[in-house]
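So the sequence lines, in the order shown, correspond to chains A and H.
According to full-length UniProt numbering, the first sequence is numbered sequentially starting from 1.
According to full-length UniProt numbering, the second sequence is numbered sequentially starting from 1.
Number of protein chains: 2
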Amino acid sequence: MTATSATPEKRTLADEAYTELKSRIMRSELAPGAKLSIDGLAKQLAFSQTPIREALARLESEGLLARRPLSGYTVEPLLSAAEFDDLFEIRMMLEPRAARRAAERGTPEIREPALLRSIPPGDGLAQVDASGLPAAEANALLAAARTPDAGSDKLEFTEADARFHNTVAALSGSAQLAKAIRRLDAHLHLHRAYIEPDSIGETEVEHLAVADAIIGQQPLAAEEAMRRHLERSRIRHRAAFEAARTTEPTPKPKRAKANR
Amino acid sequence: MTATSATPEKRTLADEAYTELKSRIMRSELAPGAKLSIDGLAKQLAFSQTPIREALARLESEGLLARRPLSGYTVEPLLSAAEFDDLFEIRMMLEPRAARRAAERGTPEIREPALLRSIPPGDGLAQVDASGLPAAEANALLAAARTPDAGSDKLEFTEADARFHNTVAALSGSAQLAKAIRRLDAHLHLHRAYIEPDSIGETEVEHLAVADAIIGQQPLAAEEAMRRHLERSRIRHRAAFEAARTTEPTPKPKRAKANR
DNA sequence: ATGCGCACAATCCTATAGGATAATGTCGCG
DNA sequence: CGCGACATTATCCTATAGGATTGTGCGCAT
Numbered sequence: 001m002t003a004t005s006a007t008p009e010k011r012t013l014a015d016e017a018y019t020e021l022k023s024r025i026m027r028s029e030l031a032p033g034a035k036l037s038i039d040g041l042a043k044q045l046a047f048s049q050t051p052i053r054e055a056l057a058r059l060e061s062e063g064l065l066a067r068r069p070l071s072g073y074t075v076e077p078l079l080s081a082a083e084f085d086d087l088f089e090i091r092m093m094l095e096p097r098a099a100r101r102a103a104e105r106g107t108p109e110i111r112e113p114a115l116l117r118s119i120p121p122g123d124g125l126a127q128v129d130a131s132g133l134p135a136a137e138a139n140a141l142l143a144a145a146r147t148p149d150a151g152s153d154k155l156e157f158t159e160a161d162a163r164f165h166n167t168v169a170a171l172s173g174s175a176q177l178a179k180a181i182r183r184l185d186a187h188l189h190l191h192r193a194y195i196e197p198d199s200i201g202e203t204e205v206e207h208l209a210v211a212d213a214i215i216g217q218q219p220l221a222a223e224e225a226m227r228r229h230l231e232r233s234r235i236r237h238r239a240a241f242e243a244a245r246t247t248e249p250t251p252k253p254k255r256a257k258a259n260r
Numbered sequence: 001m002t003a004t005s006a007t008p009e010k011r012t013l014a015d016e017a018y019t020e021l022k023s024r025i026m027r028s029e030l031a032p033g034a035k036l037s038i039d040g041l042a043k044q045l046a047f048s049q050t051p052i053r054e055a056l057a058r059l060e061s062e063g064l065l066a067r068r069p070l071s072g073y074t075v076e077p078l079l080s081a082a083e084f085d086d087l088f089e090i091r092m093m094l095e096p097r098a099a100r101r102a103a104e105r106g107t108p109e110i111r112e113p114a115l116l117r118s119i120p121p122g123d124g125l126a127q128v129d130a131s132g133l134p135a136a137e138a139n140a141l142l143a144a145a146r147t148p149d150a151g152s153d154k155l156e157f158t159e160a161d162a163r164f165h166n167t168v169a170a171l172s173g174s175a176q177l178a179k180a181i182r183r184l185d186a187h188l189h190l191h192r193a194y195i196e197p198d199s200i201g202e203t204e205v206e207h208l209a210v211a212d213a214i215i216g217q218q219p220l221a222a223e224e225a226m227r228r229h230l231e232r233s234r235i236r237h238r239a240a241f242e243a244a245r246t247t248e249p250t251p252k253p254k255r256a257k258a259n260r
């Protein structure tokens, strides 16, 4: 996901189309409710229809697109305030636990269980420093905790934030938990656009608190720090969310159904 | 998913292929590790390649299949014991909360938020009985809690169990939470095959305890009942899981890689 | 003027054939 | 016995054509 590991994996055209479309959705180039034409996308990206279809099918099962069987794909609408709260409630169930588990385990989990089993404990491969966490992992975590400079793009902050949370999830040692957390991310990503630039600093402080607790192997502290971070983050997003809603109360109904 | 609501939605060939393949995976007709050839499936199902591709792409992003870019699709292997425990740990975070929320709300959530908003409170549409839960919902919940007769197929029990948990999740009133729970289901389904026939009765008792607490609007009791059910269910599955593992210790490596 | 029915256009879905590319298995040589 | 080059196979991608369905616009009757 990040540049930490080179990804020499093959990229088919379907993968290309998938990342391209996902990126467009994430940066709101494709607004919620927009209609996606298969033919149009194929011509626009200079691909054939087949890889486009594959990419759209994947995005649909991820929940970013809706498919109406003989009418085409549309971008899912933004979450309502209630759904947004529900999503944060779920995060509060999962992510603090992930932080705790990350702090509990000194061993790194490289998301390859099979790889771990083949490494006898005490091997010289993974250098574990005094803090219990391998130096490389600790550095990666600290790097992910940092937010970009204030002058940078909102999108950069958005991605950095997602990266930190995914890093913690990966360090939890539970591939299942990490996957469950990552699944929530896609929808959330759209709402990260409603962040206030002032809160970038606060976010970094809270991220660092979580990272420190994990590196210092303090499970309860890590759990609590993550919980607090999520609570504050929810409040920040909610405030900006409401503000944006009142600013432009016209969600721009592309063409209201001629429903009388 | 079930027959409770008529689904007059259009079914394309891609949908057909998707459900067919998913069904085959669920009933282990397609064993973990098996290779799926697009050409082969197209000929076998008498479809074209295009709908098969779409179905495979969806199944892959659901986590049931793995895709190696120029080598084809394979069925994901069964979860290891550790991953299995991790999955139950996640269920224990989410499902008791869902049960609690279902008990808290007297109002039914028909998984259509837009539909709810259009119904003024106190309307004659939803008849709420003394228990606070609409009679129809209460009956559906009780029906879902029941397990099939002992003589029936193992697959039937498996599906009934999944149906109950999904019903509770839907009643939670949080579409996000329901979706998150349902996402876990796919992987778990494969392991429900390891259930002992003796435990069907126990499962039904525990399901009814959860259902009663929800209908009686006792949030804490519902939460606790669900938690206890999951704990016991986990123990039951684990026991059968280990037994199966020792019975046939040969996972039948189709063809070991000529790795030296 | 309003509501209904019909035809048109646009789009999606399906089907089939063929070429390009990478992985696999086989053979021969050192 | 191990290693490298080759041919085969399979997969992915492209391209095009035709059938089916939805939504839109026009005309007509009430």
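Ideal Cβ positions, reconstructed from N, Cα and C, are used throughout, including at glycine.
Using beta-carbon positions only, say whether residue i and residue j come within less than 8 Å of one another.
i	j	result
A138/H	Y194/H	no
E223/H	R100/H	yes
F164/A	A145/A	yes
F88/A	L230/A	yes
R227/A	S61/H	no
P51/A	A17/A	yes
P96/A	P32/A	no
I181/A	A180/H	no
R11/A	E54/H	no
A213/A	A103/A	yes
E172/H	A225/H	Here residue 172/H turns out to be Ser, not Glu, going by the sequence shown. No.
H191/H	L79/H	yes
T74/H	L64/H	no
T203/A	D161/A	yes
R234/A	S199/A	no
Pick helix, strand or coil for residue i, following the three-state DSSP scheme.
i	result
R67/H	strand
D85/A	helix
R172/A	Looking at the sequence itself, residue 172/A is Ser, so the reference to Arg does not match. Reduced to three states, the DSSP call for S172/A is coil.
G122/A	Confidence at G122/A is low in this model, with a pLDDT of 43, below 50, so the placement of that residue is unreliable and no value is reported for it.
S199/H	helix
R105/H	coil
P96/H	helix
P219/H	helix
R146/H	coil
D161/A	helix
S233/A	helix
A243/A	helix
residue 263/H	The displayed coordinates of chain H run from 1 to 260. Any statement about residue 263/H would go beyond what the structure contains.
D212/A	helix
R117/A	In this prediction, R117/A scores a pLDDT of 41, lower than 50, which makes its location untrustworthy; the coordinate-derived value is nonetheless stated afterwards. The answer is helix: DSSP assigns R117/A an H, G or I state.
So residue i contacts chain A; which residues on that side make the cut at Cβ distance below 8 Å?
i	result
M93/H	M93, L94, R97
D86/H	S174, A175, Q176, L177
A180/H	I90, A180, R183, L184
T12/H	P69, L70
Listing by chain order, which chain H residues have their CB less than 8 Å from the CB of residue i?
i	result
T50/A	T50, R53
Any heavy atom of the ligand PLP closer than 7 Å to the CB of residue i?
i	result
D153/H	Only the bare structure without any ligand can be found here, which leaves the ligand PLP out of the picture.
Run through chain H and tell me which residues come within less than 7 Å of residue i, C-beta to C-beta.
i	result
A17/A	Those do not exist, as A17/A stays about 11 Å from chain H at its closest Cβ, beyond 7 Å.
E62/A	S61
I25/A	Ordered by position in chain H, no residue passes the 7 Å Cβ test against I25/A, which lies about 15 Å from the chain.
E83/A	A175, Q176
Starting from the beta carbon of residue i, find every residue of chain A whose beta carbon is closer than 9 Å, and list them in chain order.
i	result
I215/H	Those within 9 Å of I215/H in chain A number zero; the least Cβ separation is about 23 Å.
What residues of chain A sit near residue i, judged by a beta carbon separation below 7 Å?
i	result
A57/H	E54, A57, R58
Entirely enclosed beta strand (DSSP E) segments - the UniProt domain "HTH gntR-type" (11-78) of chain A, minimum 3 residues: 65-68, 72-75
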